[in-house]
Amino acid sequence: MFLRASHFAAVMALLGGSSAREWLSPEYRFFYQFPLPIPPVKRPKMSIKNPVTNRPIDYYEVDILPFKKQIYPDRGLTSMVGYDGMSPGPTFLVPRGREAVVRFTNKAVLPSAVHLHGSPTRAPWDGWAEDRIFPGQYKDYYYPNSESARF
């Protein structure tokens with residue numbers, strides 16, 4: 436218990452005595468008053484044939500971009516980073532079994548990491564916290580899409 440109390444005291448000292456209220460988000464009073472943003476459907480740049488299976492592979496390009504968006508109607512713009520400069524990012528409609536390669540290019544000022552939840556993707560293309568794409572660089576991710584849509 437002493438260790439926890441001392442950690443709490445150290446954190447409060449670092450915060451300069453600021454209250455917890457200063458860290459809270461403003462109360463959101465606009466429930467169900469604005470339409471849900473529906474992102475656009477991403478279209479492939481091109482499709483090629485897999486030389487082994489002779490099945491199509493779709494190729495997409497996504498830019499990781501900074502942008503500003505109004506989150507609270509009565510507040511200013513919020514600085515964000517998102518796929519193709521939007522939030523939520525674009526929608527990918529890819530049929531089961533159709534392979535896809537997505538090139539993510541980081542045009543933001545900080546490194547970014549990409550991860551697709553729920554996809555049975557091999558480690559080089561799965562993404563993890565340290566699998567960063569640095570500003571000005573890109574990484575191609577391969578998605579086999581071998582299972583039914585549920586992402």
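So for the sequence shown, this note's numbering puts the first residue at 436; every next one is plus one. For each residue, glycine too, the CB sits at the ideal point set by N, CA and C.
Reduced DSSP secondary structure (H/G/I, E/B, other) of residue i
| i | result |
| --- | --- |
| F437 | Low local confidence applies: a pLDDT of 49 at F437 is under 50, so the model's placement there is unreliable, with the coordinate-based value given in what follows. It is helical. |
| A564 | coil |
| R531 | coil |
| A456 | For the sequence presented, residue 456 should be read as Arg rather than Ala. DSSP places R456 in helix when its eight states are reduced to three. |
| P555 | coil |
Where the beta strand (DSSP E) through residue i begins and ends
| i | result |
| --- | --- |
| P613 | Outside the shown range of the chain, which is 436 to 586, sits residue 613, and nothing can be said about it. |
| G517 | L512 to Y518 |
| Y573 | Y573 to Y578 |
C-beta atoms of residue i and residue j nearer than 8 Å
| i | j | result |
| --- | --- | --- |
| D561 | R533 | no |
| V476 | P523 | no |
| S583 | P555 | no |
| F645 | I506 | Here the chain comprises residues numbered 436 to 586, so residue 645 is not present and cannot be evaluated. |
| S547 | I483 | no |
| W563 | H550 | yes |
| A474 | A543 | Residue identity check: residue 474 is Pro in the sequence provided, not Ala. In this structure, A543 does not lie closer than 8 Å to P474 by Cβ. |
| V497 | D519 | yes |
| Y467 | K480 | no |
| N541 | P559 | no |
| F465 | P530 | no |
Residues bridged to residue i (per DSSP)
| i | result |
| --- | --- |
| K484 | P491 |
| A548 | R567 |
| R478 | Answer by DSSP bridge pairing: none, since R478 is not bridged. |
| F539 | V497 and K574 |
| T526 | V476 |
C-beta neighbour in chain C for residue i, strict 8 Å
| i | result |
| --- | --- |
| D498 | In the displayed structure, chain C is absent; only one protein chain is listed. |
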